[in-house]
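Number 67 in UniProt numbering belongs to position 67 of the sequence shown; there are no gaps in the numbering. The structure appears right after this line, and notes come after that.
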Amino acid sequence: MKAYLEHLNIHVTQLDAIAEFISTAIPAFKVRFDSGTSCDERWLHIGDEQHYFALYQATEAANARKNYGNTPGLNHVGIVVEEEVANLRKRLLKAGYTETTIENFHPARKRIYFADPDGNDWEFIQYLHADPVLRNSYDDAKTN
């Protein structure tokens, strides 16, 4: 049986703003359930029939943590998209989101990065080839 990631569960300080970020980036992702005020801690699921993000409203302040800062924690979420990342970039910039893309060149994929309103980094990948050998090549990786 093949395994796959069903969901990612994240506490956020701005639940509605993060849900809006996700739906702006991936218009096919819809709110599947929103607990509203029926719980002490509001939560919602946003995604499609197979994959989703479980977002929980944080009740405490976020710890200061820098992505890629050599401390434990999530550095970024990577999502494969079928659309041109150039179109996705335009949509996110138009909505006022901050691009965090570092220069990257690869013959088999295009990648862009954006921060959500909580400062979490999201990578969006457009694969240019179906060949997994090309898609999974790390020729552009720094190995110092």
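Just so it is clear, CB atoms sit at the ideal spot from N, CA and C, and this is done for glycine as well.
Of the listed residues Gln-14, Phe-53 and Thr-24, nearest to Lys-33 (C-alpha basis): As a position in the sequence shown, residue 33 is number 33, starting the count at 1. The sequence shown places Phe at residue 33, rather than the Lys named in the question. Among Gln-14, Phe-53 and Thr-24, the Cα nearest to that of Phe-33 belongs to Phe-53.
Range of the contiguous beta strand (DSSP E) that encloses Leu-88: For the purposes of this step, residue 88 is taken as the residue at position 88 of the sequence shown. Counting along the chain, Leu-88 falls outside any beta strand (DSSP E), though it belongs to the alpha helix (DSSP H) covering 85 to 94.
Cβ of Gly-96 within 7 angstroms of any chain C Cβ: In the displayed structure, chain C is absent; only one protein chain is listed.
Buried versus exposed call for Leu-5 [16 or more other C-beta atoms within 10 Å across all chains shown]: Looking up residue 5 in the sequence shown gives position 5. The residue in question, Leu-5, is exposed, as its Cβ has fewer than 16 Cβ neighbours within 10 Å.
C-beta contact flag for Gln-126 and Val-81 at 7 angstroms: Walking along the sequence shown from the start, residue 126 turns up at place 126. Walking along the sequence shown from the start, residue 81 turns up at place 81. Closer than 7 angstroms, so yes.
Touching by the beta-carbon criterion (3+ pairs, under 8 angstroms), the stretch 33 to 50 and the stretch 86 to 96: no
Proximity test, Glu-49 beta-carbon vs the ligand COA heavy atom, cut-off 6 angstroms: With respect to the ligand COA, the structure shown offers nothing to examine, as it has no ligands at all.
Rounded straight-line distance, which links the Cα of Ser-137 to that of His-106: One-based indexing of the sequence shown puts residue 106 at position 106. One-based indexing of the sequence shown puts residue 137 at position 137. Each residue's Cα considered, the two are about 9 angstroms apart.
Residue closest to Thr-13, alpha-carbon to alpha-carbon, out of Glu-99, Val-85 and Leu-55: The sequence position of residue 13 within the sequence shown is 13, counting from 1. The residue with the shortest Cα to Cα distance from Thr-13 is Leu-55.
Contacting residues, own chain, Cβ-Cβ under 8 angstroms from Gly-36 (five flanking each side not counted): Start at 1 with the first residue of the sequence shown, and residue 36 comes out as number 36. Excluding positions up to five away in sequence, the list reads Arg-42.
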